[in-house]
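The opening residue of the sequence shown carries number 56 in the numbering used here; numbering runs sequentially from there.
Glycine is no exception: its CB is placed at the ideal position from the N, C-alpha and C atoms.
Below: one structure, written as structure tokens.
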Amino acid sequence: MVQSAGPLKTDLSFKTAFFSAVSCVTASLKELQKVLYGGKRFGNHVDEVWPNLYIGDMSVANDRYSLWKLGITHVVNAAHGRTYCQGSHDFYGATVEYYGVPADDSPSFDLSRYFLPTAEYIHNSLNANGARVLVHCAVGVSRSASLVLAYLMIYHSYTLLEAINKVKECRWIFPNRGFLKQLCEKLCCLLFPSQSHQGRSDSGSSTLFT
Numbered sequence: 056m057v058q059s060a061g062p063l064k065t066d067l068s069f070k071t072a073f074f075s076a077v078s079c080v081t082a083s084l085k086e087l088q089k090v091l092y093g094g095k096r097f098g099n100h101v102d103e104v105w106p107n108l109y110i111g112d113m114s115v116a117n118d119r120y121s122l123w124k125l126g127i128t129h130v131v132n133a134a135h136g137r138t139y140c141q142g143s144h145d146f147y148g149a150t151v152e153y154y155g156v157p158a159d160d161s162p163s164f165d166l167s168r169y170f171l172p173t174a175e176y177i178h179n180s181l182n183a184n185g186a187r188v189l190v191h192c193a194v195g196v197s198r199s200a201s202l203v204l205a206y207l208m209i210y211h212s213y214t215l216l217e218a219i220n221k222v223k224e225c226r227w228i229f230p231n232r233g234f235l236k237q238l239c240e241k242l243c244c245l246l247f248p249s250q251s252h253q254g255r256s257d258s259g260s261s262t263l264f265t
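Spelled out as structure tokens, the structure:
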């Protein structure tokens with residue numbers, strides 16, 4: 056089954072299943088980047104970062120034998136397009152479902168529009184019996200990692216800092232600054248509008264970042 060991610064839906068009724076009140080932002084962008092710089096700065100082609108959820112690069116995504124050995128049933132391509140894999144039954148076959156997110160690894164690219172629909176797809180896929188989901192991009196550190204971080208925040212009550220630390224237990228990641236800001240600002244504003252409002256001063260300037 057081939058799917059492409061659409062823009063963020065305005066119907067957020069399923070938001071009620073996400074999580075109760077938690078802190079929206081626990082660290083500044085500078086602090087988050089310091090955490091990301093820590094630890095090893097190299098990794099494998101693919102790593103399991105959450106039960107049955109993997110982050111990988113283009114190499115493993117284009118290797119059907121490796122996917123078969125891993126038992127991958129769903130592929131989320133965060134670099135969907137002509138350059139990175141065709142994303143069709145002709146390539147993966149009928150046993151793997153494909154979901155494409157046409158994202159550029161640029162700080163100016165609005166990845167936030169795909170946070171909720173992709174997280175929902177990952178969540179629903181993992182609920183299937185025997186499912187294993189690979190989220191990949193070109194290198195497996197920025198676009199794909201950002202989407203997995205969003206999933207952990209939306210469906211598992213993680214703050215961004217907690218999500219980063221959780222993924223870094225298994226894989227080195229480094230979302231670009233623009234994606235980090237979107238995860239802090241746009242996703243939190245969407246899920247916690249009251250808290251985000253409180254995070255602004257009377258003058259209207261944001262206090263989410265330092």
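### Query
DSSP puts aspartate 102 in a beta bridge; with which residues?
In the sequence shown, residue 102 corresponds to position 47, counting from 1. Beta-bridge pairing links aspartate 102 to Ile110.
### Query
Per the contact definition of three or more C-beta pairs closer than 8 Å, is the segment 221 to 234 in contact with the segment 161 to 173?
yes
### Query
Do threonine 173 and valine 156 come within 7 Å of each other at the CB atom, strictly closer than that value?
Residue mapping note: residue 156 aligns to position 101 of the sequence shown, counting from 1. Residue mapping note: residue 173 aligns to position 118 of the sequence shown, counting from 1. Going by C-beta atoms, valine 156 is nearer than 7 Å to threonine 173.
#### Entry: Cutoff 7 Å: valine 194 Cβ touching any chain D Cβ
Checking the listed chains, one finds no chain D in this structure; it contains a single protein chain.
### Message
Check this for me: beta carbons of valine 194 and isoleucine 110, under 7 Å apart or not?
### Response
In the sequence shown, the residue the question calls residue 194 occupies position 139. In the sequence shown, the residue the question calls residue 110 occupies position 55. No. Outside cutoff.
### Query
Candidates Arg137, Arg187, Tyr120, Leu215: which alpha carbon is nearest serine 83's?
What you label residue 83 is simply residue 28 of the sequence shown in a count that begins at 1. Of the candidates Arg137, Arg187, Tyr120, Leu215, the one whose C-alpha sits nearest the C-alpha of serine 83 is Leu215.
### Task
Could you tell me whether the Cβ atoms of leucine 91 and phenylalanine 229 are closer together than 7 Å?
For the purposes of this step, residue 91 is identified with residue 36 of the sequence shown, where counting begins at 1. For the purposes of this step, residue 229 is identified with residue 174 of the sequence shown, where counting begins at 1. Their beta carbons are under 7 Å apart, which means leucine 91 touches phenylalanine 229 by this criterion.
### Task
With DSSP collapsed to three states, give me the class of glutamate 224.
The residue given as residue 224 occupies position 169 in the sequence shown. Correct three-state label for glutamate 224: coil.
### Task
Give the secondary structure of glycine 155 by DSSP, where H, G and I count as helix, E and B as strand, and everything else as coil.
By one-based count along the sequence shown, residue 155 stands at place 100. Of the three classes helix, strand and coil, the one that applies to glycine 155 here is strand, per DSSP.
### Query
Quick one, which of Gln237, Asn220, Arg226 has its alpha-carbon nearest asparagine 99's?
Here residue 99 corresponds to residue number 44 of the sequence shown, with the count starting at 1. The candidate whose alpha carbon is nearest that of asparagine 99 is Arg226.
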